[in-house]
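In numbering that gives the first Met the number 0, the protein residues as written are 0 to 836.
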Amino acid sequence: MSDDPRYRLPTSPTPIAYRLRFEPDLDAATFTGAVEIDVDVTEASPAVVLNAVDLELEHASVELADGTSRTASVSLDADLERATLHLDPPLPIGSAVLRARFAGTLNDELVGFYRSTFTDESGATHTIATTQLCATDARRMFPCFDEPALKATFELTVVVPPHLTAFSNAPVAAESTLPDGRRECRFLPTMQMSSYLVALVVGRFERSDVVDVDGVPLCVVSTPGTSHLSAFALEVGAFALRYFSAYFGVPYPGGKVDLVGIPDFAAGAMENLGCITFRETLLLIDPKTASTEELQDVAMVIAHELAHMWFGDLVTMQWWEGIWLNEAFATFMQYLCTDAFRPEWNLWVRFNLQREPGFAIDALHSTRAIEFPVRTSADAWAMFDPITYRKGGAVLRMLEQYLGADVFQAGIRRYVADHAYANTVTADLWAALEGASGAPVGEIMHTWILQGGHPLVAVDDGTLSQSPFQFRAPEGPSRIGSSWQVPVRSRPLAGGPPVAQLLGDAPTALATPWPAVVNAGGSGFYRTSYGAGELAEIAAALDALTELERAVLLSDTWALARAGVRTVRDVLTVARGLGTLVEPSAWAVVAEVLETLDRFVDDADRPRLEATASQLFAPVLASLTWSPSADEGVLAPVVRGRAVRVLGTVARDPAVRAEAAARFDAGGLDGDLAVPVVEVVASMDRPGDLDEMLRRCREAKDPQGEERYRDGVTSIADRDLAVTTFERCFELFRAQDVPFVILRLVMNPVGGAAVWEALAASWEATLAKIPPSMQFVLGLGVSTLIADPALAARIAAFHRDHPIGTSQTRVEQAVEQMLNGVAFAERARPDLALALG
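Here it is, written out as structure tokens:
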């Protein structure tokens, strides 16, 4: 928790209820408003301090409990994002009502109360007013006590033109027409909640049919002409509401649920109570044309946000250092819920891939602890990264599997019941889980939450030991910790139930006699290092492992190869043992290995790499063929797509390239082959394909089609076209997408270095066009640049000299990943011929 009083509001007064009125002018991109806040005054004071930024405040007053009113003068502090209401005489102890009028701009920065636009089928442009108030941007919309612990109820009223509709957290209480023809819409008061969860969306929208979920109205809200893409979201939403009500043992705490697609949206989605906002690509989808992973992503994001209705909205962190717990838990729950929704997707196996970005950053010396002290708004924003989501979610999964799913659920139910409508710190969750399990949860979890890094668990002659995992030795200070309380689960290689043990500082005998699988079930957030003989024994018996255990073995061996503990040859030995298994996560790791090697392989060794890629993936595609069969599993299309992409891009297989080009030229790409075909065609660098992808991107019938062709544009294997696309990106793409377009262009294997040079040359001008909350994305693309050492040093120096606020840590991590990649390439290149056979 912050101990700096400059960044904390005084403890008195505290809010009880807000009554807010907004009048947005969408054409002028402005809004006016009025606020009344019922407060409880516990200390007499000559001033009331609230949060406000980028607002004009006027006509402030305070009404006392006896009905008398006092006018207040207002001073603003832009640096501390505060408004102070000065009173003479001082405000007495008791109840009071604060009143103020305010005005602001519907900004283009995708935070606060902001502007979004869309173009209809006739080509007309329409403006939307919408909100994104997390973490500390409610103060940009209205003066408020903008700290998560200062919960209150919120009753919103909005005045809009008659042709527009409005949506907020609560159901509509009343609507009326004003004398000037505008419509006034008043919403019911919300439950007691934090200010960052307030939502207001105004514009031309259409609603799907309303689904009654055990008394809770659920619908999808989207721009006109898109409601036909809402059926899948409604199915997922209804399942998730019922699932979480049962899991938490508490009914849904709001009055309704609107799932709202926003054309311009910085994040993936936002858990505003009852009015959840989304990027359209993560809400609106056509199951007939979408890929399996696109459907999975939509389902998991909806589940993630609905999990927040309980864990985050009903029970909320006391201060911003607890953001990790909200987001990590929702990440864990999205898999738990979606796995129940579609068990055949085997999502806990895919989770191995999803946690890899957390593993990758956590092995850097620039990593961070999951929970760290937060003082400012900028500090809070630094929490929204893979350490919070990926590592945090994985650590909770590890704990759940160690304690047992039923025991873990009992602890969560206790936590939610004890703290409903209130605020907590991390220790409250550990206490609830300790009460349910009797295990020393806090003692274990402190080693995972309060220090960076994760362990390498070594298996040597039946003994377990741990050491910090790192890709390279530190050249300066390191944020990687020293030791952990490691919940290790192992089982006999021949089969049998897992045995749990806790590995501390001292080497410990493995609880399961050798030969054994360490990290049985694959839920442990640590790397496992087998001795050379033991690894060979495991690799020779891959069929004795579960699908997730095979994926984990591959991921660990690949990570150890990049760290210099194992070799590329070791990774490929394990990969060859997969045969033609239909396992998307395992093959995804193999694809990453080959695509990484493809970035730095010498011309002399390229034929060997192409042959290796073909040896691994050609049998897979031959067994699956290009066309789905009636009896294949639901995940076969994912593996088929992986095989096509690797064979077309790394192996440069002429037949695969010809088939991909024919399918692309025929148009109408959809399903699991759409993205791989676009990627293969992009790698072929045929004349005219860039313009064709841009055309298809503009004319796409759904958000997923737009995204797959946009990504194809950034993958064109032509240096000059990549640079030209960068120079035109603000002309070609929406503001919400431009940072990610630049990110992917810098990652382009052919043109990435040239794009980075162009970006560096126009850094300030480019940065000025990007919403501040997204500027750090521009620095992330260098993570995969395996450049020559001189260019890498220049890139590192540039980003060191051009920091981006507290998000600079993310950029530093990308630079360290780049430097690690350069070191790995230099180490692996001399022996690549031997590794590739």
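A virtual CB, placed ideally from N, CA and C, is assigned to each residue, including glycine.
Cβ-Cβ distance between Val722 and Ala760 below 8 Å: no
Local Cβ density within 10 Å of Val197, reported as buried at 16 or more and exposed below that: buried
Coarse secondary structure for Ser466, derived from DSSP in three states: strand
Distance between Ala558 and Ala822 (C-alpha atoms, nearest Å): 14 Å
Spatial neighbours of Ala834 in its chain, beta-carbon cut-off 6 Å, leaving aside the 5 residues before and after: Val567 and Arg568
Residue closest to Asp53, alpha-carbon to alpha-carbon, out of Ile386, Glu35, Leu19 and Arg138: Arg138
Simplified DSSP state of Thr70, which is helix, strand or coil: strand
Status (buried if at least 16 other CB within 10 Å, exposed otherwise) for His364: buried
Bridge-paired residues (DSSP) for Met269: Thr276
Whether Leu634 touches Thr291 by CB criterion (8 Å): yes
Same chain, Cβ closer than 6 Å to Pro748, neighbours up to 5 away in sequence not counted: Arg598
DSSP state of Arg181 mapped onto helix, strand, coil: coil
For Ile386, three-class secondary structure by DSSP: helix
Touching by the beta-carbon criterion (3+ pairs, under 8 Å), the segment 604-623 and the segment 647-666: yes
Three-way DSSP call (helix, strand, coil) for Gly563 in this model: coil
Segment contact flag, the segment 729-743 with the segment 779-791, C-beta cutoff 8 Å, min 3 pairs: yes
C-alpha gap between Gly321 and Asp690, whole angstroms: 46 Å
C-alpha gap between Val440 and Arg488, whole angstroms: 16 Å
Val96 vs Glu22 beta-carbon contact at 8 Å: no
Cβ pair count under 8 Å reaching 3, the segment 203-222 against the segment 181-193: no
Backbone CA spacing between Val903 and Ala795 [nearest angstrom]: An answer regarding residue 903 cannot be provided, because it is not within the stretch 0 to 836 covered by the chain.
Assigned secondary structure, Asn819 (DSSP; H/G/I helix, E/B strand, else coil): helix
Beta bridge counterpart(s) of Cys218 as assigned by DSSP: Asp257
With 16 other Cβ atoms within 10 Å as the buried cut-off, status of Arg799: exposed
Rounded C-alpha distance that separates Ala673 from Pro356: 25 Å
Own chain, CB closer than 7 Å to Cys133, minus 5 neighbours either side, in chain order: Tyr195 and Met269
Exposed unless 16 or more other CB atoms sit within 10 angstroms - verdict on Val47: buried
Local Cβ density within 10 Å of Met0, reported as buried at 16 or more and exposed below that: The pLDDT assigned to Met0 is 43, lower than 50, so where the model puts this residue is not dependable; a value taken from the coordinates is nonetheless given after this. It counts as exposed.
Where Ala540 sits in the DSSP three-state scheme: coil
Beta-carbon proximity list for Ser167, same chain, < 7 Å, skipping 5 on both sides: Leu155, Phe186, Ala198, Leu199 and Cys274
Given Pro178 as reference, the closest of Thr765, Pro160, Val171 and Thr164 once Cα atoms are compared: Pro160
Glu706 classed as buried or exposed, judged by whether at least 16 other C-beta atoms fall within 10 angstroms: buried
Cβ-based burial, Ser72 [other Cβ within 10 Å; buried from 16]: exposed
Inter-residue Cα distance where the pair is Phe616 and Gly640: 11 Å
Start-to-end residues for the alpha helix (DSSP H) that takes in Glu726: Arg718 to Leu731
Residue span of the beta strand (DSSP E) that contains Ile15, given as start and end: Thr13 to Asp24
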